[in-house]
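Numbering (this note's numbering), first residue to last: 64 to 316.
A virtual CB, placed ideally from N, CA and C, is assigned to each residue, including glycine.
Everything below concerns the one structure shown next.
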Amino acid sequence: MLRTAIQSARNHDWFASITEFVLLIFGVFLGFQLDRWNSNRIDQLEADEYGLQLLQDLTVSQQEMQLRIDYYETAKEWGQKALTAWESDTPYPPAQLVIAFYQATNAIPSSVFRGAYDGLTTNGLLVLINGQEFASRLAAYYAQPLDDILNAESAYRVEIRSLIPVDIQEAVRESCAIAGSAGFLTETLQRQCQIDISPSRAAEVIENLTEQPELKKQLTYSISSNTLFRYILELKIKDTENLRSILAEIYGD
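Here it is as structure tokens:
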């Protein structure tokens, strides 16, 4: 077409020459627009694939957080039972108190489900899900340092697992917790359980624990932390559900 336009100009056929140039420019412009449209279409398709995965990630995260709430609530109940060891009229036998002291140490590592979000941000596709405002909400959601808070090692946990004999710890783990998987590692703490330990040995362990000068304060702090963890997780679940509902409307879940 360019050659034809030049030839028309040489022949002083200005109308034909201008027409050819206009058609040439329009063709180039249309080609760029088609390339851009196709590129945008591919980006949107990729973003939608990540969006569906993001919806699944948030669904699993919500389930995992609910299990963690139940887990920390059970650990808190065991901790409250262990606190009675310092009372002269505790209603619990020494064997139950040994279990309680150990069960109150339990913490479950937080699982992070952010593969889809990381894929969206890495490829610059986050804004294509539902605009800039939603992208900002997702960024704030994943920026919250939840794992640092929930996965922190407690002084109480270190102290108890240093003081209770290893064979007793193993007996409690085998009898009082159930491991599983639901797309992520899970552990359920039993609210009632028994271990094979003589009353005299259990009483000896409890006597040693209650003589530790800082242990009662550490246990009290651990119980308080479990209450805080539940509060944080409940807020996070609400935030997760809000994001999920938006994605469900987009993708028809």
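- prompt: Which residues bound the alpha helix (DSSP H) around residue 209?
  reply: 209-213
Contact under 8 Å by Cβ, residue 145 with residue 167: yes
- prompt: alpha helix (DSSP H) containing residue 186: first to last residue?
  reply: Segment: none, residue 186 is in no alpha helix (DSSP H) and carries neither H nor E.
- request: Taking the CB atoms as reference points, tell me whether residue 118 and residue 314 lie closer together than 8 Å.
  value: yes
query: Rounded to a whole number of angstroms, what is the C-alpha to C-alpha distance between residue 307 and residue 264?
result: 52 Å
message: Let me confirm a value: residue 129 is counted as buried when at least 16 other C-beta atoms fall within 10 Å, else exposed. Which label applies?
response: exposed
message: When you compare the region 157-175 with the region 216-235, are there three or more beta-carbon pairs, one atom per stretch, that lie closer than 8 Å?
response: yes
message: Quick check for students: name the residue ranges of the alpha helix (DSSP H) that lie wholly in the region 125-166, counting only runs of 4 or more.
response: 157-166
- prompt: If you draw a straight line from the alpha carbon of residue 253 to that of residue 274, how long is it in whole angstroms?
  reply: 27 Å
field: Residue of 108, 127 and 279 minimising C-alpha distance to residue 218
entry: 279
At least three beta-carbon pairs within less than 8 Å, the region 177-195 to the region 283-294: no
message: Taking the straight line between their C-alpha atoms, what separation do you get for residue 236 and residue 310?
response: 40 Å
- request: Look at the alpha carbon of residue 213 and the alpha carbon of residue 185, and state the distance between them as a whole number of angstroms.
  value: 27 Å
task: In the DSSP assignment, find the unbroken alpha helix (DSSP H) run with residue 302 in it and report its ends.
output: 278-314
- prompt: In this structure, does DSSP put residue 227 in helix, strand or coil?
  reply: coil
query: According to DSSP, is residue 241 helix, strand or coil?
result: strand
task: Pick helix, strand or coil for residue 216, following the three-state DSSP scheme.
output: coil
field: Which of helix, strand or coil DSSP assigns to residue 250
entry: strand
- prompt: When the distance is taken between beta carbons, is residue 241 closer than 8 Å to residue 352?
  reply: Here the chain has residues from 64 to 316 only, and residue 352 is not among them.
- request: Ignore the nearest five residues each way along the sequence and tell me which others in residue 281's own chain have a CB closer than 7 Å to its CB.
  value: 218, 219 and 222
- prompt: For residue 295, which option in 188, 210, 111 and 114 has the closest C-alpha, if you only look at C-alpha atoms?
  reply: 210
- request: Go ahead and label residue 312 buried or exposed: buried means 16 or more other beta carbons lie within 10 angstroms of its beta carbon, across all protein chains shown.
  value: exposed
query: When we look at the beta-carbon of residue 260 and count the other beta-carbons within 10 Å, is it buried (16 or more) or exposed?
result: buried
- request: Check residue 273 in the structure and name its three-state DSSP category.
  value: helix
Burial state of residue 104 (16 or more Cβ within 10 Å): exposed
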